[in-house]
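Peer 1: Following my numbering, the numbering of the sequence shown begins with 94 at its first residue and continues without gaps.
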Amino acid sequence: MHTIKRLLIGLICALVLGAVTAVIVLAQSDEPPTTPVEPEDCGSCHETATAMWENSTHSQASALASFVKAWQEQGSPAECLVCHTTGYDAATGQYESEGVDCQVCHPSSPHEHPQKIMYTDTSSRLCGQCHTDTFSQLEGSHHGQEGMACIRCHNPHDNSLRAGGVEDTCAACHREQTHFYSFTNHAMEGLLCTDCHFQPADGAMGDGHGSRQHNFTVGEQNCIECHGSQMHYPVESQTTINAAPVANPQMVQAAVVPLLGDNDSQALNIQSQSGTNTSLNFIILAALTGMLFGLVGSPWVEKQFRRHDKDDEGRN
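1) Can you list, in chain order, the residues of its chain whose CB lies under 8 Å from that of Y188, leaving out five sequence neighbours each side?
2) Taking the straight line between their C-alpha atoms, what separation do you get for Y212 and Q165?
3) Alpha carbon to alpha carbon, how far is S155 from E191? Give it in angstroms, no decimals.
4) Assign H373 to one of two classes, buried (16 or more other C-beta atoms within 10 Å of its C-beta) or exposed (fewer than that).
5) Return the bridge partner residues of E191 from the DSSP annotation.
6) Kindly indicate which residue of Q238, H250, F291 and G240 has the alpha-carbon position closest to the one of E260.
7) What separation, rounded to the nearest whole angstrom, lies between the Cα atoms of A294 and S201?
8) Quick check on DSSP: helix, strand or coil for H247?
9) Which residues mark the beginning and the end of the alpha helix (DSSP H) in which Y212 is found?
10) What is the DSSP secondary structure of R399, counted as helix, strand or coil?
11) Look up P293 in the DSSP assignment and say whether it is helix, strand or coil.
12) Excluding five sequence neighbours on each side, which residues of the same chain lie with their C-beta closer than 6 Å to the C-beta of H307?
13) For L254, list the residues DSSP reports as bridge partners.
14) Between the region 140 to 156 and the region 244 to 263, do at least 3 Cβ pairs fall closer than 8 Å?
15) Please report how far the alpha carbon of A242 lies from the alpha carbon of A112, in whole angstroms.
16) Tell me, please, which residues DSSP counts as bridged to R305.
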């Protein structure tokens, strides 16, 4: 009998505490934001990421000398502000902030964070909304077809290479190639991977829209720049590389290394489900806490009821 009473008391406490928590959590999730969230607000917790962003080209996108010069030369077209500001409204010509700030890549409502996990869009498609030429080249390249995302090489907060340098970044996937390359004449002359595999961009915006192409191919112009005097020697049936004859040129290919992909839809589902489940987890935790409190405290509650009954009998 006592066990049943304890279970009933625990169940009542669980229902009450769970219901109260549900009301509070749901009310908070429906509250509209009262003030705009600035990068400084993010910096109160994410100090390192914010400090990196403040000195990045994303942060200074609307103030970069290369952008300002090219923008003014073209008559200051409003459409440029779509990418060089955050929250630009073409109808009013107004924007929320200059440069590219946190909410561009973190589109979830920051007012629900950290109670809810903030979804982060790490897809190359997001980068491609502004870096159109670079994204198009990446999509058509072997790297892009293997599903490699921009953030595999680039740190989105400060726009630097993740590994700190060109050679280390390439070596993160192409270990064998970079190892043997270090013994070649090209390496001894100080040439980097980018000297051949990232041709200089020749777009109208110059440095404003990426200084290197991202198709990763080696064109004839790359070779001509250094080996121009050798380009018209008689062509034989065999191919030579570093003066070593190669009977089958098709066998000379870079090893295909598995690359990290976007996993966009999977990441989106995981992130969105995590945000949805957070509120439910709070409610379940509150209910379990109430149940535990009821089971542990039921003897004390029962004792208080008995004392109250005895006092009533004494008065009667």
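For glycine and all other residues, C-beta sits at the position ideal for the given N, C-alpha and C. Keep in mind the model is a prediction, meaning the values are calculated, not measured.
Peer 2: With the given structure in hand:
1) Translated into the one-based positions of the sequence shown, residue 188 becomes position 95. Within the same chain, and ignoring the five residues on either side of Y188 in sequence, the residues whose Cβ sits closer than 8 Å to its Cβ are L174, T178, T179, G180, Y181 and D182.
2) As a first step, residue 212 must be located in the sequence shown, where it is residue number 119. As a first step, residue 165 must be located in the sequence shown, where it is residue number 72. Going by C-alpha positions, Y212 is about 36 Å away from Q165.
3) In the sequence shown, residue 191 corresponds to position 98, counting from 1. In the sequence shown, residue 155 corresponds to position 62, counting from 1. Cα to Cα, E191 sits roughly 6 Å from S155.
4) Taking the first residue of the sequence shown as position 1, residue 373 is located at position 280. Strictly speaking, residue 373 in this sequence is Leu, with His absent from that position. Counting Cβ neighbours within 10 Å, L373 comes out exposed, since fewer than 16 surround it.
5) For the purposes of this step, residue 191 is taken as residue 98 along the sequence shown, with counting starting at 1. In DSSP, E191 forms a bridge with T178.
6) Against the sequence shown, residue 260 aligns to sequence position 167. Cα-wise, what sits closest to E260 is F291.
7) As a first step, residue 294 is located in the sequence shown; it is residue number 201 there, counting from the start. As a first step, residue 201 is located in the sequence shown; it is residue number 108 there, counting from the start. Distance from the CA of A294 to the CA of S201, rounded to the nearest whole angstrom, comes to 34 Å.
8) Here residue 247 refers to the residue found at position 154 when the sequence shown is read from its first residue. H247: strand per DSSP, three-state reduction.
9) Counting from 1 along the sequence shown, the entry for residue 212 is found at position 119. Taken as a continuous stretch (DSSP letters only), Y212 belongs to no alpha helix (DSSP H), as it is neither H nor E.
10) Walking along the sequence shown from the start, residue 399 turns up at place 306. DSSP places R399 in helix when its eight states are reduced to three.
11) Here residue 293 refers to the residue found at position 200 of the sequence shown. When DSSP states are grouped into helix, strand and coil, P293 belongs to the strand group.
12) Counting from 1 along the sequence shown, the entry for residue 307 is found at position 214. Its chain contains T227, Q230 and L231 as the residues whose beta carbon lies nearer than 6 Å to that of H307, once the 5 sequence neighbours on both sides are disregarded; these appear in chain order.
13) Taking the first residue of the sequence shown as 1, we reach residue 254 at position 161. Looking at the DSSP assignment, L254 forms a beta bridge with H247.
14) Counting C-beta pairs with one atom in each stretch, the region 140 to 156 and the region 244 to 263 have three or more that are closer than 8 Å, which means they touch.
15) Start at 1 with the first residue of the sequence shown, and residue 242 comes out as number 149. Start at 1 with the first residue of the sequence shown, and residue 112 comes out as number 19. The straight-line gap separating the alpha-carbon atoms of A242 and A112 is approximately 44 Å.
16) Looking up residue 305 in the sequence shown gives position 212. Secondary-structure assignment with DSSP links R305 through a beta bridge to P293.
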